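If you're matching positions, the sequence shown starts at 1 in the numbering used here and goes up one per residue.
The C-beta atom is built at its ideal place from N, Cα and C for all residues, glycine as well.
On a predicted model such as this, the values are computed, not experimentally measured, just so you know.
What follows is a set of notes on a single structure, which appears directly below.
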Amino acid sequence: MNKTKNKYCDNFLGWALSERNLSWSGYRKVRGQVCKRIKRRIEELGLEGYSHYRQYLEENAEEWKVFDRMARITISRFFRDRAVWHSLGETLLPLIVEKSLKEERKTRCWSAGSASGEEPYSLAILWKNRIQPRFPDAIPEIVATDADCHMIKRAEKGCYSLGSLKELPEEWIRDAFTTEESAYCLKDSYKEMVRFYPQDIREEMPGGKFDLVFCKNLVSMYFKKELAVSVFSKMIRKMRKGALLILGNHEQFPLDEIKEISPFDKNLNIYFKNRA
Ligand SMILES: C[S@@+](CC[C@H](N)C(=O)[O-])C[C@H]1O[C@@H](n2cnc3c(N)ncnc32)[C@H](O)[C@@H]1O
């Protein structure tokens, strides 16, 4: 794409993201990918350019669903931000699990924006390797949600390229996956630990309260502040007192707006709910 075409797409994208309460700054690095999808859509509709597509969106409210799909960035990998997973396995999960065992209940975890399952399955793998041997009576309940139905289907299938497993110890890969042609497919005993739901976090969230919530590379990254505050406010109602919230590296929680959350580990970008 040349510079002029980039400018047309940027202008269009700036307008469309703003209409959807999405943040331009979050898209800066991935805008090329989104522009390619939009260009393809314009061709598919037989329209002449971005201004016509803008008009088409203004006249066809249903088309915003297509735009939303094009604007979703679905990159993920197992054990993304490895230091967080190390800390979870060594100290944080044991603390959470001890508390839920004392209260004689399951340990409930939610991966919001779970893409093709890499994040909730990382937790399942960590649980089997680090938590189960130490706390054999503890029962995990891992819920994963994503707005993209294709991602949910891929997650339920549970097959990945070796590249997305590169942060996992080799021994854990050998235990958890079988190889099918060139794909690494997660064994059923791990897949059974996670339940996936297609949910748009702007509209719905899973039931019950959670001890641990992952919201990495979604709300803080791609939503405008006002939308992020509204979604986080609902999300923290889904957390027990003392529950942990994990954001992606470089993401920020709106601490100035939501007082029920405090930083837990600033380096790892982990927060906790400070009141019921
Ligand atoms: C960049 S991926 C992050 C995946 C994983 N959390 C991680 O950090 O590796 C963002 C995911 O959020 C999903 N997503 C985007 N908008 C959403 C929304 N409104 N509700 C739920 N999921 C959404 C996308 O489909 C995508 O799978």
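Suppose you measure from the CA of residue i to the CA of residue j; what does that come to, to the nearest Å?
i                 : j                : result
leucine 212       : cysteine 109     : 5 Å
tyrosine 184      : leucine 57       : 40 Å
threonine 145     : leucine 123      : 14 Å
tyrosine 27       : serine 182       : 32 Å
lysine 187        : alanine 176      : 6 Å
aspartate 265     : serine 18        : 32 Å
alanine 228       : serine 220       : 6 Å
asparagine 267    : isoleucine 42    : 43 Å
isoleucine 75     : glutamate 118    : 10 Å
glutamine 199     : lysine 102       : 32 Å
isoleucine 96     : isoleucine 201   : 24 Å
glycine 163       : alanine 71       : 24 Å
phenylalanine 223 : isoleucine 236   : 17 Å
methionine 1      : phenylalanine 12 : With a pLDDT of 49 at methionine 1, under the threshold of 50, the modelled position of that residue is not reliable, and the figure given next carries that caveat. Approximately 15 Å between the Cα atoms of the pair.
Does DSSP put residue i in a helix, in a strand, or in coil?
i                 : result
leucine 247       : strand
phenylalanine 78  : coil
glycine 14        : helix
arginine 240      : strand
glutamate 141     : strand
leucine 47        : coil
isoleucine 258    : coil
leucine 212       : strand
phenylalanine 253 : coil
lysine 234        : helix
leucine 218       : coil
Out of the options, which one is the CA nearest neighbour of residue i?
i              : options                          : result
lysine 39      : Arg28, Asn274, Tyr27 and Tyr53   : Tyr53
methionine 151 : Gly248, Ser116 and Ile42         : Ser116
tyrosine 190   : Phe253, Arg80, Ile125 and Pro169 : Ile125
lysine 238     : Glu104, Phe210, Gln252 and Leu13 : Phe210
lysine 166     : Phe79, Leu93, Asn269 and Ala138  : Phe79
valine 194     : Arg275, Asn274 and Tyr121        : Tyr121
Ligand 1 and residue i: does any heavy atom of the ligand fall closer than 6 Å to the residue's C-beta?
i              : result
asparagine 217 : yes
methionine 151 : yes
serine 76      : yes
alanine 83     : no
arginine 202   : yes
isoleucine 236 : no
glutamate 156  : no
aspartate 148  : yes
arginine 72    : yes
glutamate 119  : yes
arginine 69    : no
glycine 163    : no
Is the shortest distance between the beta-carbon of residue i and the beta-carbons of chain D less than 7 Å?
i          : result
leucine 57 : In summary, chain D is missing from the structure at hand, where a single protein chain is found.
Going along the chain, which unbroken runs of the beta strand (DSSP E) with 3 or more residues stay wholly within the stretch 92–130? 107–112
What are the start and end residues of each continuous beta strand (DSSP E) run of 3 or more residues lying completely inside the stretch 159–208, in chain order? 177–180, 183–186 and 194–198
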